[in-house]
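Taking it in order: structure first as structure tokens, then the write-up.
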Amino acid sequence: MNYKLADFISNYLNEQKLLTEKYTRLFNQIKLGDSSFNKSSGPQLNLKKRSHNQDYLYNSNKEKTNCQYCGKQYTSKMPLRNHIKKYHIQENYTSKNELSTKQSTPYDDYDERKQDYSRREDSYNEADEELRQKLLKNVQAIEKRENGNQSMVEKQDQEFFINGLDSDQSSEVE
Numbered sequence: 001m002n003y004k005l006a007d008f009i010s011n012y013l014n015e016q017k018l019l020t021e022k023y024t025r026l027f028n029q030i031k032l033g034d035s036s037f038n039k040s041s042g043p044q045l046n047l048k049k050r051s052h053n054q055d056y057l058y059n060s061n062k063e064k065t066n067c068q069y070c071g072k073q074y075t076s077k078m079p080l081r082n083h084i085k086k087y088h089i090q091e092n093y094t095s096k097n098e099l100s101t102k103q104s105t106p107y108d109d110y111d112e113r114k115q116d117y118s119r120r121e122d123s124y125n126e127a128d129e130e131l132r133q134k135l136l137k138n139v140q141a142i143e144k145r146e147n148g149n150q151s152m153v154e155k156q157d158q159e160f161f162i163n164g165l166d167s168d169q170s171s172e173v174e
């Protein structure tokens, strides 16, 4: 039994070795191309030509369509539709065609942007001033508390200022 198994394995390995050598030679001949073959001895060369032609025909038969938003190429319309639904319908993209036809200069809306910027800057300054006032009141309240010359009413006022600052900060953070 062991001899039969050993014979079988050795025969199998020898066949594999012969096939590997044969296909290595064939691959090298195909790689070299016409330099080692003439036109009449051609099953190996025809194999190369046929595979190249089949790839070309397979790819050329499919009509390629480009995504109008990002330019990706698709060979059929169904994957293109799915791509557009997944990536572009949810976001407001302008198509490449719209971008290329629009002739805009960088300074078209300069005045509008300048006004928006000044409005934002004014609102930041107002918010900063309000925050400074609240902080100043809180610092004064803390100093009075430390000095110890406060009445009960003043303590309630100081706690109100401190609590008001905390609630304002929490609403600004959110």
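Taking the UniProt record's numbering, the leading residue of the sequence shown gets 1, the next gets one more, and so forth. Ideal Cβ placement from N, Cα and C applies to all residues, glycine included.
Check                                                                                                                                           : Outcome
By DSSP's criteria, Y74 is part of a beta bridge. Which residues make up the other side?                                                        : T65
What distance in whole Å lies between the Cβ atoms of K64 and Q73, which are believed to be in contact at a cut-off of 8 Å?                     : 5 Å
Just to confirm the assignment, what range does the alpha helix (DSSP H) spanning K22 have?                                                     : 2 to 32
For the putative contact between residue 184 and L80, defined by C-beta atoms under 8 Å, what is the C-beta separation to the nearest angstrom? : This structure does not reach residue 184, given that the chain is present from 1 up to 174, and the question cannot be answered.
DSSP three-state call for I89: helix, strand or coil?                                                                                           : coil
Output the distance between the C-alpha atoms of D128 and Y117, rounded to the nearest integer angstrom.                                        : 16 Å
For Q16, is the classification buried or exposed, using 16 other Cβ atoms within 10 angstroms of its Cβ as the cut-off for buried?              : exposed
Do you know offhand how far K114's Cα is from R120's?                                                                                           : 10 Å
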